[in-house]
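Asker: Chains as they are written, first to last, in this note's numbering: chain U, 14 to 123; chain F, 340 to 451.
Don't be surprised by glycine CBs; every beta carbon is placed ideally from N, CA and C.
All values derive from a computational prediction rather than experimental measurement.
Here you go, one structure.
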Amino acid sequence: SQTIHQWPATLVQPVGSPLSLECTVEGTSNPNLYWYRQAAGRGLQLLFYSVGIGQISSEVPQNLSASRPQDRQFILSSKKLLLSDSGFYLCAWNQGHAYTFGSGTRLTVV
Amino acid sequence: GNSVTQMEGPVTLSEEAFLTINCTYTATGYPSLFWYVQYPGEGLQLLLKATKADDKGSNKGFEATYRKETTSFHLEKGSVQVSDSAVYFCALSIGNFNKFYFGSGTKLNVKP
């Protein structure tokens, strides 16, 4: 069966520190992968999506970057975190007409 | 462009009340429509979906019908339970890469 793993579940980081969030999927090959952010009290915003290794599309200009070093691995990064980067980050993969979401990472930048 | 608009929350209901959460969309083509649910402290889970006009998605007593003429996909449940308390997101999927566009979410509080 297909599963998606996302870690860590929670993270508290100081302003200016780097960030690396990892997402891996199992049980499928060549999935479309996505990073979403849910800011407090707001909906989901698509940040990045990837249709293959090394292929990254950015939806909004921001302080974050994404990479896909392997077929089933999707990484969200930042060199220097801002307070506004706080939020709930969700990785997702797509098969057909529905997404499967990871359990999310709650990032608090202090 | 593509977007989803859903009713603002929070919505507070008593147990066994009837629920409607409105959702309308705009899309440049023919989207698939979804409702996702987020329980406290968890990620999003697919609740139901509809892939073409007049389709009805249903799951766990929830229903939504894809109405092309009114560009709507309203979520309904005849009798809510306390365990239905969660945030509900309406979403559409469109295009070659199946990018999703989410509404802002509606928080539902069900009181015993």
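Mind checking if F114 (chain U) is an interface residue toward chain F, Cβ cutoff 8 Å exclusive?
Answerer: Closer than 8 Å to some Cβ of chain F, the Cβ of F114 (chain U) qualifies, so yes.
Asker: What does the alpha-carbon distance come out to for the pair Y62 (chain U) and F439 (chain F)?
Answerer: Cα to Cα, Y62 (chain U) sits roughly 10 Å from F439 (chain F).
Asker: To the nearest angstrom, how far is the alpha carbon of K416 (chain F) from that of T404 (chain F)?
Answerer: Their Cα atoms are separated by approximately 12 Å.
Asker: Please name the residue in F:P349, F:F373 and F:Q345 whose C-alpha comes closest to that of L431 (chain F).
Answerer: Of F:P349, F:F373 and F:Q345, the residue nearest in Cα terms is F:F373.
Asker: Any beta carbon from chain U within less than 8 Å of G348 (chain F)'s own beta carbon?
Answerer: Cβ-Cβ to chain U under 8 Å: no for G348 (chain F).
Asker: Any idea if K391 (chain F) is buried or exposed, counting beta-carbon neighbours within 10 angstroms, 16 or more meaning buried?
Answerer: Under this definition K391 (chain F) is an exposed residue.
Asker: Reducing DSSP to helix, strand and coil, say where S97 (chain U) ends up.
Answerer: Helix.
Asker: With a cut-off of 8 Å, does the C-beta of Y12 (chain U) fall near any C-beta of chain F?
Answerer: There is no way to answer for residue 12 (chain U), as the model of chain U reaches only from 14 to 123.
Asker: Roughly how far, in whole angstroms, is the beta-carbon of V122 (chain U) from the beta-carbon of Q26 (chain U), given that I think they are within contact range, below 8 Å?
Answerer: About 6 Å; that satisfies the 8 Å criterion.
Asker: Taking the alpha-carbon positions, what's the G29 (chain U) to A53 (chain U) distance?
Answerer: Spanning the two alpha carbons is a distance of roughly 21 Å.
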